[in-house]
Amino acid sequence: MTILRIKNAWKKYQGKSSSPGISHILVMLIVLLTLIKTTQPGNAQWDESLLVQSPDTSLFPIITVPFKFPISQSELNADLQPSQLMVYEDGNPFAPESLEKVRSGIHFTLVLNPARQLDIRDTNGVSPYEKLRDVLLDWSQTRTSFSADRWSLVSDAGVEINSSSDRALWVNALKAYQPNFRMLEPDLSSLETAIALASERVVPFGVDKSIIYITPAPSPSQIEAIEALSMDAQSAGIQVNVWLVDDSYFLTNAQGSVLINLAGKTGGNLFNFTGTEAIPDPETYLANLGFYYKIAYQSEIRETGTYPLRVVLTMPEGEISGGSAPFYIEVTPPNPILLSPPAVITRTQSKGEGSELSPTNQSIEIMVEFPDCRPRPIVASRLYVDGEVVDERNLTPFDVLNWTLSSLTETGEHSIQVEVEDSLGFSAMTMLTPVQLEVILPEPETNLTSKQITFLVLGLVVFLLLAIFLPRIIRKYWKENQVKGFLPAKFRKESSPTADLLKSVKESDQVVATLIPLKNFSGDLDGILDLSRSRVYVGKDTKKADLLIDDKRIDDAHALLHHDGSNFWLNDLDSRFGTWVNYERISRQPVRIQAGDILHFGNCGFRFTIINADKPQVTVSKYEPAL
């Protein structure tokens, strides 16, 4: 590292003087002593780190990290190769997928410290200042400009041009600057002003600040102030190039050394001009400035959090690295949503033998949201019906799935759910949604033959004759008490055809009604509608309920089911999750129920049936309890 630093320092010094000699040796000794003081033996790392910005996560899982060299190491800003770099995310190494060099721009400031030395004219009457100025004018009007470039001019009179994007304005101001050099005493006011302005100037990442300082040799009393300005420029990342217009003798003493250090510490160069040397092209100072790199890698972050990040560059001379501030990233699974799922699907069959039920398929559509605002590809989607996968998509489109209905030939309730999986491996499912499937079959057609019609007519005639004459015969024999003796006593007792149903059921233990569960659950249904009981309490407490349902949404005494002899009634007992009849919540006020009604106690659903009752027309809607 020390050898590389000496080489770099020597390159910065080259061009100061055209005549080799003892002055070169003295300068190299000064530079060598300076570098030895700042170099630690055995240190395999660079003294300065890469400048690394916070990463761009907008294209996650691809993360892009901007970084650049410190301006004092701008000579290393050559074209890098991805193989030289490694990104450490949360301590884990990742090879880059791409590396891009981006040109930003330069904020250039020309600083003039006018004095008599700048106006000592040659045999052609041309002063050193005029020669330097003409080179600067030619360079400024021919260089390639970028949108972020800015131009400033500071003289002993103050700020002539401050951070202007108009290059022509800067050129005209430089042409117009014509002070009386022989009447002016050199001072540090212009350099102080330029460094202060550049330090305060906020620039985008990658934009560098560079100064060319044209000055005679400072006085011994100014050395300490220049050293302080050197520290300010170094900490602010400002490159200072010194054009010393004076005798080369000053390079051998402290007055010249302080200018050498000013240029060396800030990554600049010193050029000693006595009036005859070839003036360097200013573009050589800026060739490696105004750039930054963008490195992209595939992140493996899979949960929300704050993560450290570091970039390491390997070069023949050693490693240079830098870290960004820890960055926060939110990563969550996708959120699939069913789009207008069907509440009821009705399958019907057209008349005729062999015809199929239709429809045979039902499309289920979804949309996918990303709560972390990081959209990414979906790689799979699956449709579940009653917990079983009935359709899976591994290719686009993922948002439309198919439910095959061919095997479903009976009315019933089913549940559907869709699962999606994204490119990061996250998966999520929609809410479980109930769907009522109704199967409607046509009445069978009867094609009677002539023989069947004949028997049907004869049977009808016989039935009519019996209907006319049999009652008369029975009444006749009944009146004569010839039949009563053959009948049991209970049939001889006078009774109303609408006698108390509960009483007869209690005597025979005949079941006249049932509750059919809509889905499996844990509970005891034995005897819950035995007609020996006119009142049945539903709940989960054995001391308070006749019908026991073991579910966390069932109260100890949840509802009351009773029979008044002709009708069945149901009322809620102020339960927490309610009692529902045909998906309508009821109160303590009894509600009449009929065969085919859908009853829900909390989340537990049943179909109410009456033995030997006429089948009512039932309308079933989606169950949406207000929990």
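Just so you know, the sequence shown maps onto residues 104 to 730 in the numbering used here. We treat Cβ as the ideally placed atom computed from N, Cα and C, and that holds for glycine. Being a predicted model, the structure only gives us computed values, none of them experimental.
In the displayed model, Ser-333 falls within a helix according to three-state DSSP. Under a 10 Å Cβ-count criterion, Ile-166 is classified as buried, with 16 or more other Cβ atoms of the shown protein chains found around its own Cβ.
Secondary structure note for Gly-367: its alpha helix (DSSP H) is the uninterrupted segment 357–368.
Beta-bridge annotation (DSSP): Ala-483 is paired with Glu-524. Short of 6 Å from the beta carbon of Pro-289, and not among the five residues preceding or following it, lie these beta carbons of its own chain, in chain order: Asn-216, Ala-218 and Pro-319. Around Arg-477, the same chain offers Phe-163 as residues with beta carbons nearer than 6 Å, after the five sequence neighbours per side are excluded. Under the three-pair Cβ rule at 8 Å, the segment 326–334 does not count as touching the segment 228–243. For Tyr-388, the enclosing alpha helix (DSSP H) begins and ends at 386–389.
Between the beta-carbon of Asp-675 and that of Ile-657 there is about 12 Å, and that puts the pair past the 8 Å contact cut. Distance between Asn-227 and Ser-360, taken at the CA atoms: about 32 Å. In this structure, Gly-708 keeps its C-beta atom at 9 Å or more from the C-beta atom of Pro-574. Contact between Ser-258 and Asn-265 fails: their C-beta atoms lie close to 12 Å from each other, not under 8 Å.
Three or more beta-carbon pairs drawn from the segment 307–324 and the segment 345–353 are found closer than 8 Å, and the two stretches are therefore classed as touching.
One Cα belongs to Asp-225, the other to Thr-212, and the distance between them is close to 28 Å. Distance from the CA of Pro-545 to the CA of Glu-459, rounded to the nearest whole angstrom, comes to 12 Å. The three-state reading of DSSP puts Leu-568 in helix, counting H, G and I together. For Val-434, there is no enclosing alpha helix (DSSP H), as DSSP marks it with neither H nor E. If you draw a 10 Å sphere on the C-beta of Glu-524, you find 16 or more other C-beta atoms in it, and that means buried. Annotation: the segment 639–666 contains the following complete segments of the beta strand (DSSP E) (minimum length 3 residues), in chain order: 650–652 and 662–666. If you look at Leu-272, you'll find it in the alpha helix (DSSP H) that goes 270–279. When C-beta atoms of the segment 529–545 are compared with those of the segment 501–521, three or more pairs fall below 8 Å, so the two segments count as touching. Under the three-state reduction of DSSP, Pro-537 is assigned to strand.
With contacts defined as CB atoms closer than 9 Å, Gln-692 and Phe-711 fail to qualify as a contacting pair. In chain order, Ile-174, Ser-313, Thr-369, Gly-370 and Gly-371 place their CB closer than 6 Å to the CB of Gln-342, counting only its own chain and leaving out the 5 sequence neighbours on each side. According to the DSSP assignment, Asp-675 belongs to the beta strand (DSSP E) that extends over 671–675. Comparing C-alpha distances from Pro-411 to each of Ala-279, His-666 and Ser-157 shows the shortest one belongs to Ser-157. A Cβ-Cβ contact shorter than 9 Å links Ala-662 with Phe-704.
DSSP lists Phe-704 as the beta-bridge partner residues of Cys-707.
When secondary structure is reduced to three states using DSSP, Thr-247 falls in the coil class, being assigned neither helix nor strand. The shortest CA-to-CA distance from Val-310 to any of Asp-644, Gln-555, Gly-668 and Ser-177 is the one to Ser-177. For Leu-202, the enclosing beta strand (DSSP E) begins and ends at 201–206. Nearest in C-alpha terms to Gln-325, of all of Leu-362, Thr-296 and Asp-241, is Leu-362. For Gln-244, the CB contacts under 7 Å within the same chain, skipping 5 residues up- and downstream, are Val-274 in chain order. DSSP places Leu-621 outside both helix and strand once states are collapsed to three, so it counts as coil.
Residue Gly-426 holds the alpha-carbon nearest to the alpha-carbon of Gly-194 among Leu-240, Ala-339, Gly-426 and Val-168. The C-beta separation of Leu-365 from Ile-404 comes to about 45 Å, leaving the pair out of contact by the 8 Å criterion.
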